[in-house]
Amino acid sequence: LPVALYYNDVEKMLVITASQSVLTHYDQKATDACQFYNLLVYQYLNGKSKIPPIREYIEKYPEYKQVFQLSKDQLKPTGYVLDTLICALWCFINTSSFEDAVCEAANLGGDADTIAAITGGMAGVYYGYGAIPDRWKEKILVKEQLTSIAKRIIGKYRNQG
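Numbered by the numbering used here, the letters in the sequence shown go through residues 745 to 905 in order.
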């Protein structure tokens with residue numbers, strides 16, 4: 745997610761995303777998942793609506809097409825990269841607020857913490873900081889430091905043209 749926030753050049757963002765992905769997951773499926781996710785985040789940063797970017801990029805990453813056909817009980821919160829991103833996408837697509845998306849993800853079971861973090865990143869960019877419940881924001885331990893870092897990252901993004 746930080747790579748999508750930092751780079752305004754989509755091609756550079758994809759290259760850096762791939763480079764960072766292989767540091768921990770040396771598998772093309774993991775790289776593809778990270779690039780797909782960051783492409784969506786990039787679009788949401790630029791004001792795109794929720795569903796069209798997903799449909800557009802699924803053409804490049806067809807293994808995620810099933811997200812539109814699955815019911816909640818068909819999701820597999822296993823921790824496997826494809827399953828994880830499908831779960832996060834499903835929670836994001838099938839809810840209408842930051843809180844609902846993250847709660848839906850957190851309650852899936854399995855690798856719910858990872859799924860909720862991925863969902864929360866995407867939903868946070870889409871809905872904005874103001875959509876995060878105040879009762880959640882009050883619990884952030886290093887809020888000032890994180891706010892400062894976020895402002896610098898977004899400032900760099902906006903200054904790239």
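Backbone N, C-alpha and C fix where the C-beta goes; we use that ideal spot for every residue, glycine too.
- Judged by pairs of C-beta atoms under 8 Å, the segment 796-811 touches the segment 773-785, as three or more such pairs exist.
- In this structure ASN782 touches MET757 by the C-beta definition: roughly 6 Å separates them, less than 8 Å.
- Membership of THR768 in the alpha helix (DSSP H) is indicated by the continuous run 754-768.
- The DSSP-derived three-state label of GLY864 is helix.
- Take GLU843, set aside five residues on each side of it, and the residues of its chain with a beta-carbon closer than 6 Å to its own are PRO877, in chain order.
- Counting every other CB atom within 10 Å of its CB across the protein chains shown gives PRO796 a total below 16, marking it as exposed.
- Beyond the five residues adjoining it in sequence on each side, LEU826 comes within less than 8 Å, by CB distance, of LYS773, ALA777, GLU807 and TYR808 in the same chain, given in chain order.
- By alpha-carbon distance to LEU829, the top candidate from SER841, ILE859, PHE812 and LEU784 is ILE859.
- PRO796 sits in a helix when the DSSP states are folded into three classes.
- One alpha carbon belongs to ILE837, the other to GLN889, and they sit about 31 Å apart.
- A direct Cα-to-Cα measurement between VAL869 and THR863 gives close to 10 Å.
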